[in-house]
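For reference, the structure discussed in these notes is given below.
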Amino acid sequence: MESISSALQQYDSHHKTGALVQFADDAATVNLKIGISFISQLKAKANAFQEIPHWSFEAVYQQLIDRWEDLLSRVDLDPSTPEATKHMFYTGLYHTMIMPVDRSGENPGWSDDDCYYDDFYAIWDTYRTSSPLITLLDPDREVEIVNALLNIYKRDGYMPDARSGNSNGRTQGGSNAEIVIADAFVKGLGLGNERSTIDYELALEAMLKDATTPPGGNEEAEGRGGLVQYLQYGYIPYGIPRAGNRTIEYAFCDYAIAEVAKGLGKEALAQQYYKRAKNWQHLWRSDFTQDGVKGFILPKDKNGNWLDRVPFGHSKNQPRSFVYTPNVSYEGPWYVAWWDCFFYEASSWEYSLSMPHDIPALIEACGGKETFDKRLDTFFEHRYYNVANEPSFLTPCLYHWIGRPDKTSDRVLQIIRNNFNDSPSGIPGNDDSGSMSSWLAFHILGLYPNAGHNYYLLHTPMVKEATIKLRNGKTLTIKAPKLSDKNFRVKSVSLNGMPLSDHRITHQQIMEGGVLQFEMVKGKTTVNETVALTPTRDQTEPSREGKYLFTYSLHGQTRRFTVNIDTSDKGVTLKWGIERNLKWWHGSYIMSQKALAEASCLNYEQPLDRQHITLGDKELFAILSQKALDSIKSNGTCVFNNTTFTLVDQLPATDTHPSLLHLKDSDEGAEMWVADDKSLPLIWEMKDNPVEINWKVSVL
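Residue numbers for the sequence shown follow my numbering, beginning at 43 and rising by one.
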């Protein structure tokens with residue numbers, strides 16, 4: 043094998059690196075060192091031999107075990123804890139500590155001794171629970187993470203929301219590094235010795251850069267997209283991607299700036315940003331009611347008008363819009379990517395409860411504590427809560443703000459019992475760099491953080507005793523000795539014998555150590571145990587008897603779903619299924635024989651899971667009418683969706699598709715390929731559709 047260069051200096055040739063290794067046929071054991079570097083082959087070689095100067099596999103293995111044991115043993119659970127709970131808890135700690143990754147000295151963009159972390163994937167996911175859990179168990183690491191964010195800011199101009207491969211990636215909502223910094227600041231991180239110092243003046247500068255300087259053409263990768271409009275109107279008008287959640291998340295990020303500014307003695311600046319933290323109220327539509335609940339975050343245009351219907355696409359001939367209601371997860375067809383919608387990865391039902399920095403004002407906007415209590419119950423009982431996604435993370439704990447921590451306990455315990463287990467599929471959604479795992483770990487302990495604040499909410503723990511070994515040498519022991527299946531109601535909580543009447547504990551109180559005691563009593567849950575909090579999805583893939591796979595695309599995002607097409611004398615039914623989070627969603631489009639014969643337009647209506655849409659006689663889904671097909675074959679044109687399509691050529695049938703008629707709209711540039719099949723003129727491909735929905739069909 044060609045030897046690795048031993049030169050003192052080496053440049054990055056940008057060539058792929060590989061190796062071909064052969065071993066003797068009689069070799070029983072092979073010792074192999076592999077070095078990895080983002081900088082050069084030479085650095086990779088150095089890493090391999092500096093990190094492992096010996097050839098003992100057992101020593102390397104034991105070193106790895108010891109490092110993980112040091113982290114995981116920072117919380118000891120009572121020996122009586124059920125094995126499944128132990129598995130879930132310690133797996134949660136493990137998942138949380140994997141990312142971001144310490145790559146100090148391994149950034150090809152700059153070379154210095156400063157902290158450098160990569161693989162923030164993404165702070166939008168991790169700021170809520172992952173960062174607070176690292177802060178609690180490994181504060182020195184969290185200080186390094188914050189300093190890495192600031193070092194990225196110094197070199198690249200913005201802190202990341204997502205970053206991997208030494209490059210800032212997609213910003214999903216707010217500029218959420220601000221919340222990570224504020225969380226560290228209010229908990230006193232980086233204010234001690236030189237080894238673990240954070241320059242909060244620099245941090246405030248970086249936060250203000252996000253809040254005041256538009257990132258230009260790079261709004262999807264860093265900074266705040268739509269910032270110009272946010273500063274002009276106090277909200278982001280509909281039409282700018284993720285206008286809804288960006289508005290309320292920017293308000294939270296502005297609160298984080300205010301907290302740091304106030305702590306640094308910059309009172310005028312703090313008041314300016316406390317005021318901006320109220321901007322979510324500009325999108326609060328107080329007169330909108332659904333399911334007996336009043337008041338939601340809903341879309342508004344730049345002129346201040348509420349939008350009951352929202353448009354999509356830019357076609358002059360095919361105007362399309364959707365009725366927008368709070369239970370719409372995204373306003374385009376279900377196969378449209380959510381990046382460009384009003385909300386990202388959640389509905390207004392979820393986001394209208396997602397103001398972690400301004401909950402008393404939210405309760406007032408909802409009509410007061412009693413109304414808010416009923417709203418939360420409706421939210422859970424109507425299955426709007428989504429345990430698998432971060433915008434709903436804090437929601438079960440909102441009962442605390444109306445004096446009902448017992449209902450927080452009921453909801454949290456039910457959510458965990460219905461959705462988590464210690465099997466390989468025991469997490470109900472994407473773990474997102476430990477976000478879901480850290481959410482679970484906190485709740486097992488009976489603590490829950492509100493990121494950017496210095497307190498933890500207290501509720502029924504899932505263990506009789508747990509001891510947290512704090513890095514300052516002290517310990518906090520959480521005790522619930524009478525905890526059982528019957529004794530799950532918290533009568534009172536005390537810290538070192540002193541009652542905590544509001545069921546909260548501050549970070550500073552935790553760091554002083556001692557005993558956090560839960561007095562448990564018998565009680566009957568106030569939650570209907572038969573209510574499933576998340577929709578039950580089928581675990582198995584739907585039948586592929588239909589032989590078709592539809593691949594939809596929008597702005598580079600793709601959606602693939604299987605389609606089973608049934609035809610009869612009554613018409614045609616397209617039964618679709620799509621995989622999300624390892625589960626399958628189902629629905630159908632039902633079209634009459636009259637529609638198949640004479641319809642004059644396509645339908646882009648959004649189906650929901652298990653929804654069956656019956657189209658009118660003038661609409662089809664992904665199919666042309668037989669009348670349009672006859673027109674094409676007789677005179678070379680057809681009018682569909684108020685658009686004239688002209689026959690360009692015809693493709694002969696192959697093993698992968700039937701004979702296809704290639705049509706083009708000369709006015710708006712759309713092209714489509716239609717099956718030359720009178721019984722089913724399926725549109726096999728749509729390209730450059732001005733409605734911005736394209737697709738391609740293949741045979742399974």
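The beta-carbon is built from N, C-alpha and C at its ideal position, and this holds for glycine as well. Treat the numbers as computed from the prediction; the structure is a model and nothing was measured.
Counted within 10 angstroms of its Cβ, other Cβ atoms place residue i as buried (16 or more) or exposed
i    : result
K589 : exposed
K612 : exposed
Y103 : exposed
S585 : At S585, the pLDDT of 44 sits below 50, so the modelled position is not reliable; the number obtained from the coordinates is stated separately. S585 should be labelled exposed.
S534 : exposed
N514 : exposed
V72  : exposed
M540 : exposed
N570 : Since pLDDT at N570 reaches only 31, below the 50 mark, its modelled position is unreliable, and no value is offered.
D691 : exposed
T138 : buried
H654 : exposed
E432 : buried
P447 : buried
K564 : exposed
Q581 : Per-residue confidence for Q581 stands at a pLDDT of 39, beneath the threshold of 50, marking its modelled position as unreliable; no derived number is given.
E264 : buried
I223 : buried
Q64  : exposed
H96  : exposed
Q271 : buried
A637 : buried
T578 : In this predicted model, T578 has a pLDDT of only 31, less than 50, meaning its place in the structure is not dependable; the value taken from the coordinates is given anyway. So T578 counts as exposed.
R170 : buried
E583 : In this predicted model, E583 has a pLDDT of only 43, less than 50, meaning its place in the structure is not dependable; the value taken from the coordinates is given anyway. Exposed.
Q214 : buried
W152 : exposed
R459 : exposed
First and last residue of the uninterrupted beta strand (DSSP E) at residue i
i    : result
R327 : 326-332
F99  : Counting along the chain, F99 falls outside any beta strand (DSSP E), though it belongs to the alpha helix (DSSP H) covering 99-114.
R531 : 531-537
F354 : 351-354
Check whether residue i and residue j have beta carbons under 8 Å apart
i    : j    : result
I547 : Y490 : no
I665 : I620 : no
N218 : D203 : yes
E220 : A298 : yes
P503 : L482 : no
D419 : H129 : no
F384 : P341 : yes
N321 : Y292 : yes
P732 : E713 : no
H628 : G494 : no
W737 : Y594 : yes
A70  : I78  : no
I735 : L703 : no
S396 : F338 : no
G556 : L537 : yes
R802 : Y158 : Residue 802 falls outside the range modelled here, since the chain spans only 43 to 742, and no answer is possible.
D120 : A430 : no
CB contact check: residue i to chain B, cutoff 8 Å
i    : result
D448 : Absent from the structure: chain B. Only one protein chain is present.
8 Å contact criterion, which residue i and residue j should meet: CB distance rounded
i    : j    : result
A248 : G268 : Not really, about 20 Å apart at Cβ, beyond 8 Å.
H324 : Y366 : So it is not a contact: roughly 17 Å between Cβ atoms.
S172 : S475 : 6 Å
D382 : P283 : 4 Å
S642 : F682 : 6 Å
S630 : L616 : 6 Å
A303 : L311 : 4 Å
N369 : W391 : 6 Å
L499 : C408 : Wrong, their Cβ atoms sit about 19 Å apart, outside the cutoff.
The alpha helix (DSSP H) enclosing residue i, as first and last residue numbers
i    : result
F91  : 83-93
Q313 : 309-318
A224 : 219-228
A407 : 401-407
Q635 : 635-640
F80  : From DSSP, F80 is part of no alpha helix (DSSP H); its letter is neither H nor E.
Which parts of the segment 460-503 are runs of the beta strand (DSSP E), unbroken and 3 residues or longer, counting only runs that do not cross its ends? 489-491, 497-500
Mind listing, in chain order, the continuous beta strand (DSSP E) runs of no fewer than 3 residues lying wholly within the segment 650-723? 653-656, 679-682, 685-693, 702-706, 713-717
Entirely within the segment 384-452 and at least 4 residues each: give me those alpha helix (DSSP H) ranges in chain order. 390-393, 401-407, 411-423
Would you list, in sequence order, the uninterrupted beta strand (DSSP E) runs of no fewer than 3 residues that lie entirely inside the segment 109-170? 117-119
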